[in-house]
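Everything below concerns the one structure shown next.
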Amino acid sequence: MQLYLPIAELTVNMFLFLGMGGAVGFLSGMFGVGGGFLLTPLLIFTGISPAVAVATVTPQIVASSTSASIAYWRRRLIDEKMTLLLGAGGLVGSALGVFAFRALRSVGQLDLIIALSYIAFLGSVGTIMLRESVRALWRARSGRPAVTRRTGHHNWVHGLPLKTRFRRSKLYVSVVPVIALGAGIGFLGSVMGIGGGFLMVPALIYLLRVPTNVVIGTSLAYTLITMAVATVLHATANKSVDVMLAILLIAGGVVGAQFGAQVGQALRGEQLRALLAIFVLAVALRVLLSLFLPPESIFSLAIVGGAI
Amino acid sequence: MKGGLVAAIVAIAALAPAAAFAESLVAALSDEAVRITSNFTGEQIVVFGAIRGTPDEDAEYEVAVVVEGPQEDVIVRRKERLLGVWANRTSREFKEVPSYYVMHLSENFSGALDPSQLSVYRLGVRSHPFVQEAAAEATAQLFAEALIALKAEHGLYVERQGAVDFLAPNVFRTTFFLPSAIPTGEYRVSVYLFRSQTFLAGRTDTLSIAKGGFSERIARSADDYPLYYGLVCVALAVFTGWFAGVIFRRPL
Numbered sequence: 001m002q003l004y005l006p007i008a009e010l011t012v013n014m015f016l017f018l019g020m021g022g023a024v025g026f027l028s029g030m031f032g033v034g035g036g037f038l039l040t041p042l043l044i045f046t047g048i049s050p051a052v053a054v055a056t057v058t059p060q061i062v063a064s065s066t067s068a069s070i071a072y073w074r075r076r077l078i079d080e081k082m083t084l085l086l087g088a089g090g091l092v093g094s095a096l097g098v099f100a101f102r103a104l105r106s107v108g109q110l111d112l113i114i115a116l117s118y119i120a121f122l123g124s125v126g127t128i129m130l131r132e133s134v135r136a137l138w139r140a141r142s143g144r145p146a147v148t149r150r151t152g153h154h155n156w157v158h159g160l161p162l163k164t165r166f167r168r169s170k171l172y173v174s175v176v177p178v179i180a181l182g183a184g185i186g187f188l189g190s191v192m193g194i195g196g197g198f199l200m201v202p203a204l205i206y207l208l209r210v211p212t213n214v215v216i217g218t219s220l221a222y223t224l225i226t227m228a229v230a231t232v233l234h235a236t237a238n239k240s241v242d243v244m245l246a247i248l249l250i251a252g253g254v255v256g257a258q259f260g261a262q263v264g265q266a267l268r269g270e271q272l273r274a275l276l277a278i279f280v281l282a283v284a285l286r287v288l289l290s291l292f293l294p295p296e297s298i299f300s301l302a303i304v305g306g307a308i
Numbered sequence: 309m310k311g312g313l314v315a316a317i318v319a320i321a322a323l324a325p326a327a328a329f330a331e332s333l334v335a336a337l338s339d340e341a342v343r344i345t346s347n348f349t350g351e352q353i354v355v356f357g358a359i360r361g362t363p364d365e366d367a368e369y370e371v372a373v374v375v376e377g378p379q380e381d382v383i384v385r386r387k388e389r390l391l392g393v394w395a396n397r398t399s400r401e402f403k404e405v406p407s408y409y410v411m412h413l414s415e416n417f418s419g420a421l422d423p424s425q426l427s428v429y430r431l432g433v434r435s436h437p438f439v440q441e442a443a444a445e446a447t448a449q450l451f452a453e454a455l456i457a458l459k460a461e462h463g464l465y466v467e468r469q470g471a472v473d474f475l476a477p478n479v480f481r482t483t484f485f486l487p488s489a490i491p492t493g494e495y496r497v498s499v500y501l502f503r504s505q506t507f508l509a510g511r512t513d514t515l516s517i518a519k520g521g522f523s524e525r526i527a528r529s530a531d532d533y534p535l536y537y538g539l540v541c542v543a544l545a546v547f548t549g550w551f552a553g554v555i556f557r558r559p560l
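Okay, here's the thing in structure tokens:
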């Protein structure tokens, strides 16, 4: 069935985008990630302009992180205080990100910056995750006990001033790295059209030493806040959020996520991380190729002052 | 719409034989306004025309019909290789470029006019000021040609020979296709009548293309109330996410 998208200004097949939302929702339910890093390039690949794609994926991430956040919140697996501080940084970061997005688009370098950020962040996180999970799988097979993380080991982050106590995380750290982390990932999120969970989770674990059981819930709640703000900012600053497209992606996504979550429970943690790492690296590789292969047309058109 | 069209054709046909010394044109569009609604997949516009005048035994009438969309300022960017990466490097801005330009010519139009005459009557997208001005400089010309090629790829710039059919020596018809990604605004439909390289008559009608129904309401609210629009999007997303969680009782 054909549907005209009023902001993207083109007619698309509804089922293609429902299916796309469903497939990405399946993966995000399985791995516990937002899936923005898969959905944004997919949308751009199908002919939606990068501006509309990035802006419309944000409400989709809001929807998927809402249902997951509620589940974690019920089990008290969210550090509220840390979420609020991360979120405060995220507000500033998202706002700067949306304006950077607009500035880059007007000088014609948005696509390049999005592509380079994807390669840098997906490439490095994917590589680290793959190495770590393959090691864990190999250890599990050889029957050796996993090396547990040394708790109480302090890094440079713990020397910063303005310390405060996070009761649920059982931490006593400075608010400076927390706010800075929120701001940094918020900025990247609104420029790249991703929630940033795959950056936030390792940063919370390795940088702030947040216990693993509250990391995912806290990261999800943070994503919810920043992406909600980014949606409003994209709508006001760029007018590029297509509500019809968002509805298709959300509807497909919430259903797909349920099936994904069931499959995810049947797999072991290391297996899941290895699979996710492969997906992340595949996306990074695809983007990398698109930069180096000769483009279909070396010329492109943009309307001056146009929303798209 | 169908009834109106038939009435228009009958009216044109009735007017046509009324001979006069100088040629004059009557034309009608199958639609004066196109509404882009949720199920819009493009639309066909039929242009009917009739010529009042004295038919010539030796020379046939030749017709050009041009549909031109609202003008816009466009930036054309060119990618170049930089350290192996394809990146936008140079760009050129063109002012007042037609967003849509489709010209249909009758079969016998060939050779009737040479390029210089085409530009006198501003026929064909290459006779547009933005292309003419670019012709002075090689790089600008290259970018203008790229613009035309990209527009043509999206079906927005088209020139077709033999697309105007004569139903009778003085009655003609042509059908335009408006693709689904068509820009909105006021369009001009111009009909030019020639015979033996001489311009006889011309007329211009307007065609308005706008978003309609639900699409229009969404586009308008996104434009007029961006803050509320954004908040509604968030509310919708949060509600759907919450609702899905309730129905499926999503496990961790």
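Top line first, the protein sequences correspond to chains A and B. Quick note on this note's numbering: the first sequence kicks off at 1 and runs consecutively. Quick note on this note's numbering: the second sequence kicks off at 309 and runs consecutively. Ideal Cβ placement from N, Cα and C applies to all residues, glycine included.
Inter-residue spacing [alpha-carbon to alpha-carbon] between residue i and residue j
{"i": "ALA95 (chain A)", "j": "GLU340 (chain B)", "result": "44 angstroms"}
{"i": "LEU464 (chain B)", "j": "VAL375 (chain B)", "result": "10 angstroms"}
{"i": "ALA326 (chain B)", "j": "PRO477 (chain B)", "result": "Residue placement at ALA326 (chain B) is flagged as unreliable, the pLDDT there being 43, under the threshold of 50; a coordinate-derived value is accordingly withheld."}
{"i": "PHE522 (chain B)", "j": "GLY34 (chain A)", "result": "30 angstroms"}
{"i": "GLY269 (chain A)", "j": "SER133 (chain A)", "result": "9 angstroms"}
{"i": "LEU413 (chain B)", "j": "VAL428 (chain B)", "result": "17 angstroms"}
{"i": "LYS387 (chain B)", "j": "VAL107 (chain A)", "result": "13 angstroms"}
{"i": "VAL12 (chain A)", "j": "VAL384 (chain B)", "result": "26 angstroms"}
{"i": "ARG150 (chain A)", "j": "HIS158 (chain A)", "result": "Low confidence applies to ARG150 (chain A): its pLDDT is 48, below 50, so where it sits in the model is not reliable, and the reading given next is rough at best. Those two C-alpha atoms are separated by around 15 angstroms."}
{"i": "ALA51 (chain A)", "j": "PRO534 (chain B)", "result": "16 angstroms"}
{"i": "VAL382 (chain B)", "j": "TYR118 (chain A)", "result": "28 angstroms"}
Assigned exposure category for residue i - 16 Cβ within 10 Å defines buried
{"i": "TYR172 (chain A)", "result": "exposed"}
{"i": "THR164 (chain A)", "result": "exposed"}
{"i": "HIS462 (chain B)", "result": "exposed"}
{"i": "ASN396 (chain B)", "result": "buried"}
{"i": "ASP111 (chain A)", "result": "buried"}
{"i": "TRP156 (chain A)", "result": "exposed"}
{"i": "GLU331 (chain B)", "result": "buried"}
{"i": "LEU181 (chain A)", "result": "buried"}
{"i": "SER124 (chain A)", "result": "exposed"}
{"i": "ALA103 (chain A)", "result": "exposed"}
{"i": "ARG131 (chain A)", "result": "exposed"}
{"i": "VAL554 (chain B)", "result": "exposed"}
{"i": "PHE547 (chain B)", "result": "exposed"}
{"i": "VAL304 (chain A)", "result": "exposed"}
Closest by C-alpha distance to residue i, when choosing among the options
{"i": "THR236 (chain A)", "options": "A:PHE15, A:MET30, A:ALA55 and A:PRO50", "result": "A:ALA55"}
{"i": "LEU486 (chain B)", "options": "B:ASP381, B:MET411 and B:GLU365", "result": "B:MET411"}
{"i": "GLY184 (chain A)", "options": "A:ILE303, A:LYS170, A:SER64 and A:MET200", "result": "A:MET200"}
{"i": "GLU401 (chain B)", "options": "B:VAL355, B:PHE502, B:LEU431 and B:GLU441", "result": "B:GLU441"}
{"i": "PHE259 (chain A)", "options": "A:ALA115, A:GLY21 and A:GLY217", "result": "A:GLY21"}
{"i": "SER30 (chain A)", "options": "A:LEU288, A:LEU276 and A:THR58", "result": "One point to set straight first is that residue 30 (chain A) is Met, not Ser, in the sequence displayed. Comparing Cα-Cα distances from MET30 (chain A) to each of A:LEU288, A:LEU276 and A:THR58, the minimum goes to A:LEU276."}
{"i": "ARG273 (chain A)", "options": "A:ILE128, A:LEU162, A:LEU5 and A:PRO295", "result": "A:ILE128"}
{"i": "VAL191 (chain A)", "options": "A:LEU160, A:GLN109, A:LEU207 and A:VAL254", "result": "A:GLN109"}
{"i": "LEU224 (chain A)", "options": "A:SER240, A:ILE194 and A:ASN238", "result": "A:ILE194"}
{"i": "PRO41 (chain A)", "options": "A:GLN265, A:PHE279, A:VAL232 and A:TYR4", "result": "A:PHE279"}
{"i": "GLU370 (chain B)", "options": "B:GLN505, B:ARG343 and B:GLY493", "result": "B:GLN505"}
Where residue i meets chain A, residues with beta-carbon distance less than 9 angstroms
{"i": "LEU458 (chain B)", "result": "SER297, PHE299, SER300 and LEU301"}
{"i": "PHE556 (chain B)", "result": "SER67, VAL254, VAL255, ALA257, GLN258 and ALA261"}
Interface residues of chain A facing residue i [CB-CB closer than 8 angstroms]
{"i": "ILE517 (chain B)", "result": "Correct list: empty, because the minimum Cβ distance to chain A is about 12 angstroms."}
{"i": "LEU455 (chain B)", "result": "PHE299 and LEU301"}
{"i": "THR345 (chain B)", "result": "TYR4"}
{"i": "VAL382 (chain B)", "result": "LEU301, ALA302, ILE303 and VAL304"}
{"i": "PHE356 (chain B)", "result": "Neighbours of PHE356 (chain B) on chain A: none; closest Cβ ~27 angstroms, over 8 angstroms."}
Neighbouring residues, chain A, relative to residue i (Cβ below 7 angstroms)
{"i": "PHE348 (chain B)", "result": "TYR4 and THR11"}
{"i": "VAL439 (chain B)", "result": "Simply none; closest approach about 15 angstroms."}
{"i": "GLY493 (chain B)", "result": "Neighbours of GLY493 (chain B) on chain A: none; closest Cβ ~12 angstroms, over 7 angstroms."}
Boundaries (first-last residue) of the alpha helix (DSSP H) holding residue i
{"i": "MET1 (chain A)", "result": "Per DSSP, MET1 (chain A) belongs to no alpha helix (DSSP H) and is neither H nor E."}
{"i": "TYR118 (chain A)", "result": "110-142"}
{"i": "SER69 (chain A)", "result": "50-74"}
{"i": "VAL107 (chain A)", "result": "Note, VAL107 (chain A): premise wrong, no alpha helix (DSSP H); not H, not E."}
{"i": "TRP550 (chain B)", "result": "534-556"}
{"i": "LYS459 (chain B)", "result": "446-461"}
{"i": "ARG286 (chain A)", "result": "269-292"}
{"i": "SER219 (chain A)", "result": "212-233"}
Beta strand (DSSP E) segment containing residue i, residue limits
{"i": "LYS163 (chain A)", "result": "163-166"}
{"i": "GLY493 (chain B)", "result": "493-503"}
{"i": "ILE303 (chain A)", "result": "299-303"}
{"i": "SER414 (chain B)", "result": "409-414"}
{"i": "THR512 (chain B)", "result": "506-519"}
Within chain B, partners of residue i - CB distance below 7 angstroms
{"i": "ILE250 (chain A)", "result": "ALA545 and THR548"}
{"i": "PHE317 (chain A)", "result": "Absent from the structure is residue 317 (chain A), since the part of chain A shown begins at 1 and ends at 308."}
{"i": "ALA204 (chain A)", "result": "Before going further, note that residue 204 (chain A) is Leu rather than Ala in the sequence given. The contacting residues do not exist; LEU204 (chain A) stays about 17 angstroms from chain B at best."}
Beta-carbon neighbours of residue i, restricted to chain B and to distances below 8 angstroms
{"i": "PRO59 (chain A)", "result": "CYS541, VAL542, LEU544 and ALA545"}
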